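Take the numbering used here: the final residue in the sequence shown is number 348, and no numbers are missing along the way. The C-beta atom is built at its ideal place from N, Cα and C for all residues, glycine as well. Since we're looking at a predicted model, the values are computed, not measured. Step one of this worksheet: look at the structure below.
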Amino acid sequence: MFPVDLKSDTVTKPSEEMRKAMYAAEVGDDVYGEDPTVNRLEETAAGLTGMEAALLLPSGTMGNLVAVLTHCGRGDGAILGADSHILNYEGGGLAALGSVVPLVADDCSGCIHPEEVRRHCRPSNVHFAPARLLCLENTHNRRGGLALSPETIRSSAEEAHLRGLSVHIDGARIFNASAAWNCSVKEYASSVDSLQFCISKGLGAPVGSLLCGARSFIDAARHWRKRLGGGLRQAGILAAAGLFALERNIDRLREDHENAELLGRLLSGGGVIQVEHNEKPTNMVYCKVPEGACADLHTRCAARGVLFNGVSDNRFRLVTHLDVSREQIVRAAEIILEEAAAS
Ligand code: TLP
Numbered sequence: 006m007f008p009v010d011l012k013s014d015t016v017t018k019p020s021e022e023m024r025k026a027m028y029a030a031e032v033g034d035d036v037y038g039e040d041p042t043v044n045r046l047e048e049t050a051a052g053l054t055g056m057e058a059a060l061l062l063p064s065g066t067m068g069n070l071v072a073v074l075t076h077c078g079r080g081d082g083a084i085l086g087a088d089s090h091i092l093n094y095e096g097g098g099l100a101a102l103g104s105v106v107p108l109v110a111d112d113c114s115g116c117i118h119p120e121e122v123r124r125h126c127r128p129s130n131v132h133f134a135p136a137r138l139l140c141l142e143n144t145h146n147r148r149g150g151l152a153l154s155p156e157t158i159r160s161s162a163e164e165a166h167l168r169g170l171s172v173h174i175d176g177a178r179i180f181n182a183s184a185a186w187n188c189s190v191k192e193y194a195s196s197v198d199s200l201q202f203c204i205s206k207g208l209g210a211p212v213g214s215l216l217c218g219a220r221s222f223i224d225a226a227r228h229w230r231k232r233l234g235g236g237l238r239q240a241g242i243l244a245a246a247g248l249f250a251l252e253r254n255i256d257r258l259r260e261d262h263e264n265a266e267l268l269g270r271l272l273s274g275g276g277v278i279q280v281e282h283n284e285k286p287t288n289m290v291y292c293k294v295p296e297g298a299c300a301d302l303h304t305r306c307a308a309r310g311v312l313f314n315g316v317s318d319n320r321f322r323l324v325t326h327l328d329v330s331r332e333q334i335v336r337a338a339e340i341i342l343e344e345a346a347a348s
């Protein structure tokens, strides 16, 4: 039963069957394009998103970085949400490695709306960094794992395209979004130029992300991946886990959403923790406690085997995934409530 690890869906471990698929993988040197399993995974990712081509990368962070570097040159502006993962948690890679200027936009609704896109597209003038790219995030991590609809994405993307920008989706958890909206990932991908999704989160693979887009874009992205040192050799071992994840673990994401819903309901029932409301929730529960109470609660729960991450002094995040059962959720909620009441 313990530990119940709700820190993130990144903590999932490959199952016995997934490991067998990895063991049996046919491999080759992927830098030569000769790994049949990587090629199959990239074709599968392109098929699932309806895009022309895809590229396997070691992480979501590298997927986003390669996308930004491929879309933008030095001094170009990328419109990023103030609460986006790219801006907050990716080490400033776009500035450090690409001299790309973050144009920080309001994303408190989870999306960067068309009027906000317009506001950042300033007239051509030597004083301004020209906006070249709009980055959206779905599901939106810091907005509680909120899933955006295909229509919401489309209206912002249309505005950006009208103004000559490209559009990228950080879709680390795009399959959670499509499960929440009961739509195909293709409906998201069809309105943008690139989309990256992670196989290493709720889908349960140990490593990897797929960047998807037009063939010419992916060819250029492959060059950036190599420059960043992300060209892998017998990566079929990892790709086999990705293929397994895409075949077996997409449909079950709904269970994680049900568990998150249950967890939120149990925690809010206790009256000591405020569970944040979210219009279209997925596998995350964000909670508020009195100012300064987070660190103590975190330590007390960890001592009893319930692990989660604090986001600030009074806010913490719980993430459900395929290695946490319904029974574990119920027990974790009891422990969190007991400790919150005692502190
Ligand atoms: N997010 C991690 C942490 O970095 C916060 C998590 O535990 O949620 N985009 C989004 C929306 C993400 O949530 C993450 C990971 C990434 C990109 C980066 O993926 P990795 O960890 O594979 O580099």
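Taking C-beta atoms as the reference points, V105 and C77 count as a pair closer than 8 Å.
In terms of side-chain proximity, the C-beta atom of E57 is found no nearer than 7 Å to any non-hydrogen atom of the ligand TLP. Across the structure, F7 and L258 are spaced so that their CA atoms are roughly 22 Å apart. DSSP lists no bridge partner for R238. Every unbroken stretch of the beta strand (DSSP E) spanning 3 or more residues and falling wholly within the stretch 186 to 269 is given here in chain order: 199 to 203 and 214 to 218. Taking the C-beta atoms as reference points, V190 is found nearer than 8 Å to S183. Within the DSSP bridge table, the entry for Q279 names K293 as partners.
F249 is the residue among G169, F249 and V277 whose C-alpha sits nearest the C-alpha of E22.
In this structure, the straight-line span from the alpha carbon of N69 to that of Q201 is close to 7 Å. D175 has its CB nearer than 7 Å to a heavy atom of the ligand TLP. Within the DSSP bridge table, the entry for V324 names M289 as partners.
Taken from the Cβ of T17, every heavy atom of the ligand TLP lies 7 Å or farther away. Between P128 and the set R232, G169, H145 and L139, the nearest pair of CA atoms involves G169. Taking 7 Å as the cut-off, the C-beta of C116 does not count as close to any heavy atom of the ligand TLP.
Spatial neighbours of D318 in its own chain (CB-CB distance under 7 Å, excluding positions within 5 residues in sequence) are listed in chain order as E296, G297 and C299. In the DSSP assignment, N314 falls within the unbroken beta strand (DSSP E) covering N314 to S317. L60 is a Cβ neighbour of I223, given a cutoff of 8 Å. Leaving aside the five residues that flank I158 on each side, the residues in its chain whose CB is nearer than 8 Å to its CB run, in chain order, C116, L141, N143, I174, Y193, S196 and V197.
Per DSSP, reduced to three states, the secondary structure at E163 is helical.
Distance from the C-beta of Y291 to the nearest heavy atom of the ligand TLP is not below 7 Å.
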